Amino acid sequence: MGKTLFDKIWDAHVVTAVEDGPTQLYIDRHFCHEVTSPQAFDGLRKRGLKVFRPEKTTLSPDHNIPTLNQEKPIADPVSKFQVDTLTKNAQDFGLTLYGLGHEKNGIIHVIGPENGLTQPGMTIVCGDSHTSTHGAFGAIAFGIGTSEVEMVLASQCILQPRPKTMRINFEGKLQNAVTAKDLALYMIAELTTGGATGYFVEYAGEAIRNLSMEERMTLCNLSIEMGARGGMIAPDQVTFDYVKGREFAPKGEAWEKALAYWKTLKSDNDAIFDREITFDASAIQPMITYGTNPGMGMAINGTIPTLDAIDEASRISFQNAMKYMGFSAGEKIEGKQIDYVFLGSCTNGRIEDFRQFAAAVKGKMKADNVTAWLVPGSWMVEKQIKAEGIDKILVEAGFELRQPGCSACLAMNEDKVPAGKYAVSTSNRNFEGRQGPGARTLLASPLVAAAAAVTGKITDPRNI
Amino acid sequence: MKICVFLRHLRSNIKIMEKFKTITSTFVPLPIENVDTDQIIPARFLKATTKDGFGNNLFADWRYDKAGNPITDFVLNNPTYSGEVLVAGKNFGSGSSREHAAWAVAGYGFKVVVSSFFADIFKGNALNNGVLPVVVSESFLADLFAEVNADPKTTVTVDLENQTITDNKSGKKETFQINAYKKNCLLNGYDDIDFLLSNKDKIEAWEKNN
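If you read the protein sequences in the order shown, they are chains S and C.
Going by the working numbering, the first residue of the first sequence is number -14, and it counts up by one from there.
Going by the working numbering, the first residue of the second sequence is number 55, and it counts up by one from there.
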């Protein structure tokens, strides 16, 4: 029987396996940020351990940093201490840090790919569930807890039970104004927020092949939102063209050797997945969420389900969500007024997202009732925005850019949406309080965010 | 590797966690589905650099109002319900990988979380902190919610050695799954790092071949 893409990479990284227990898996690349790593470094100190393979770990503060005045000391002393702790840990343990003010600083899942640290065939982990982003390159990439961060620092390995495999095929072509974000929100709405728990997903089919590298990252990023530990896409010419020439990509003879291996990284024709699902990509509309988990999504011109369409055991949660969001079962939300727009995050904070947003708002003006936070995913993205003159288009339309970071995606910094306010957000989670206590999040694509920003309402991007 | 060999490897293990013993306890019901880790511990509490104190902010936004006063109809503020066991709706712990969620659950004093379904990362994080996630059937879960509603003194018994959970009201018992490795870790209070490092020769051998 043939092997899946997942099997090939997993099997190549098995150090040993415990009988009736987990596998000890070798990790090629480890990313760390300031929030989920300090307790792991403390653990190493308590045990008197060094970092086993320091060259395989890269650090960047991203979650708990301001998006204004980064050149000044962080005002909140608790946040400052956490960011300083990452710097100290980098120094004490001899690790590479792209700290605040560094030209390579940014959201860890943005800077890994753009610097060529993320490559096909790798095993990649980070104390962050959106590590699944890197699966877009044909890598096994998944989020881990802090105890596991400590394991990787101590041994360059992790203990993991082998997940089941799922393939999701998207056949057909995406319609105009339908993005990778819509494709993902559609899939999560179909499968629910726990629908792929226990599985590692491979995305395949015509619509996936046609996605750019950044679109693939958006899709794989959101795999965790349906419970999957990770999502991956077999590397192809799109992948190789993206990786080639980046700083940490293999060069010369090493490139040729790597490329030959990468070309073998695809599921065999006779490989069997534990579960296989096929969607018609051409039926997908621009999407938006109406509830308090990413599985509560619908076409932007659709209606919220009625109560009798919800399972009895799920009704309390559904009604809680409606109350929190200020919506009613069975209603349309298109045309409702919104207060905030957030463009950014590891989901939609890359150059293509800013190009799309700018193209949609060009020649129009930001609505007066909207506060817009436009936050590039990294300083390299910010530099590219300026190089292409996108910043000028945005300024002319009444927008301003902030400095890179995770920002309002999880609102650990000052970028908090006030209680009761509605935010159309390109981020990944609409959980209660995610963007600030009481904040009401509507997840959507950069195009839907742009349409909302200029009309001040939930608007179908095909109508502007 | 066989379990006996594995246990030999752990002779020098640092005992970080308490040993997990059989628990008979009343339980706290939380009949809400898809409880995500942002609810278990909101992001603004993740600025700490130690593992301490998260129990005070477990379910903070459901538990306290804006002024920091307890919201009386939230279950953790209701003295009727108590115990070392949290019983929650389907898909507990979805979302962020923050281990702070497991530290909050453990810090509050829960040793077991019962649900019909757990998110993967939370499940792993809980096990790495001595908190046992117990998966039961939907009907077993529904019975527990109904029984505790009628009588808050209803108890469950969780026996890790035999991998069983008993509803002491009805006498119904279910077995639950856990891999033998993690079971031994919990029963003995071991964690994973010494095990991984005991395989250093294998790690180096892997590196040589790749």
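Note that CB positions come from ideal geometry on N, CA and C, so glycine has one too.
Quick caveat, the model's predicted, so the values are computed rather than measured.
Cutoff 6 Å; reference residue i; Cβ partners in own chain excluding five residues on either side
i               : result
G79 of chain S  : P39
P7 of chain S   : L144, Q145 and P146
A234 of chain S : G101 and V228
P85 of chain C  : G143 and F199
G383 of chain S : M350 and K351
V402 of chain S : Y325, A408, Q420, G421 and A424
Under the three-state DSSP convention, the category residue i falls into
i               : result
E241 of chain S : helix
Y246 of chain S : helix
Q141 of chain S : coil
C17 of chain S  : strand
E156 of chain S : strand
Q217 of chain C : coil
M202 of chain S : helix
M151 of chain S : strand
A396 of chain S : coil
E39 of chain S  : Reading off the sequence shown, one finds Pro at residue 39 of chain S, where the question assumed Glu. Three-state result, P39 of chain S: helix.
F327 of chain S : strand
L112 of chain C : coil
E72 of chain C  : coil
D445 of chain S : coil
V167 of chain C : strand
Interface flag, residue i vs chain S, CB-CB below 9 Å
i               : result
D205 of chain C : no
K69 of chain C  : With a pLDDT of only 46 at K69 of chain C, under the threshold of 50, the placement of this residue in the model should not be trusted, and no figure is reported.
L112 of chain C : no
L198 of chain C : no
E87 of chain C  : yes
D115 of chain C : yes
L61 of chain C  : Here the model assigns L61 of chain C a pLDDT of 44, short of 50, so the residue's position is not dependable and the matter cannot be decided.
Y244 of chain C : no
N145 of chain C : yes
A234 of chain C : yes
CA-to-CA distance, residue j to residue i, given in whole angstroms
i               : j               : result
F60 of chain C  : V3 of chain S   : Its pLDDT being 48, under 50, F60 of chain C is placed unreliably by the model, and nothing is read from it.
G179 of chain S : D445 of chain S : 28 Å
M281 of chain S : D324 of chain S : 20 Å
P23 of chain S  : V0 of chain S   : 27 Å
G178 of chain C : G374 of chain S : 46 Å
A75 of chain S  : I93 of chain S  : 15 Å
E261 of chain C : A268 of chain S : 47 Å
N354 of chain S : E381 of chain S : 17 Å
P96 of chain C  : V89 of chain C  : 12 Å
G405 of chain S : K248 of chain S : 50 Å
E88 of chain S  : A243 of chain S : 28 Å
T218 of chain C : V168 of chain C : 12 Å
T43 of chain S  : R32 of chain S  : 22 Å
Bridge-paired residues (DSSP) for residue i
i               : result
S148 of chain C : C:D90
V380 of chain S : V380 of chain S is not bridged to any residue.
R260 of chain S : S:M151
R425 of chain S : S:Y407
I1 of chain S   : According to the sequence provided, residue 1 of chain S is Thr. The question's Ile does not apply to it. The partner list for T1 of chain S (beta bridge, DSSP) reads S:Q9.
T211 of chain C : C:T78 and C:T220
T288 of chain S : S:K317
Min CB distance residue i to chain C below 9 Å
i               : result
A314 of chain S : no
Q67 of chain S  : yes
A352 of chain S : no
H15 of chain S  : no
L142 of chain S : The sequence given here places Cys at residue 142 of chain S; Leu does not occur at that position. So yes, C142 of chain S belongs to the interface.
S252 of chain S : no
R340 of chain S : no
Q9 of chain S   : yes
P146 of chain S : yes
M397 of chain S : yes
I50 of chain S  : no
R425 of chain S : no
I301 of chain S : yes
S132 of chain S : yes
Residue i beta carbon near the ligand ADP (any heavy atom closer than 8 Å)
i               : result
I336 of chain S : No copy of the ligand ADP occurs in the structure displayed, which carries no ligand at all.
Residues near residue i in its chain [Cβ-Cβ closer than 8 Å; skip 5 each side]
i               : result
T134 of chain C : P206
I125 of chain S : F(-9), I(-6), W(-5), H(-2), M107, T108, I109, F185, G215 and M217
Q452 of chain S : Past the edges of chain S, shown from -14 to 449, lies residue 452 of chain S, and the structure says nothing about it.
G149 of chain C : D90, T91, D92 and A173
Contact set for residue i: own chain, Cβ-Cβ below 7 Å, skip 5 residues either direction
i               : result
I68 of chain C  : For I68 of chain C, the predicted model reports a pLDDT of 45, less than 50, meaning its position is unreliable and no value from the coordinates is stated.
R454 of chain S : No answer is possible for residue 454 of chain S: it lies beyond the span of chain S, which begins at -14 and ends at 449.
T203 of chain S : A165, K166, A169, T332 and N333
L395 of chain S : H48 and R419
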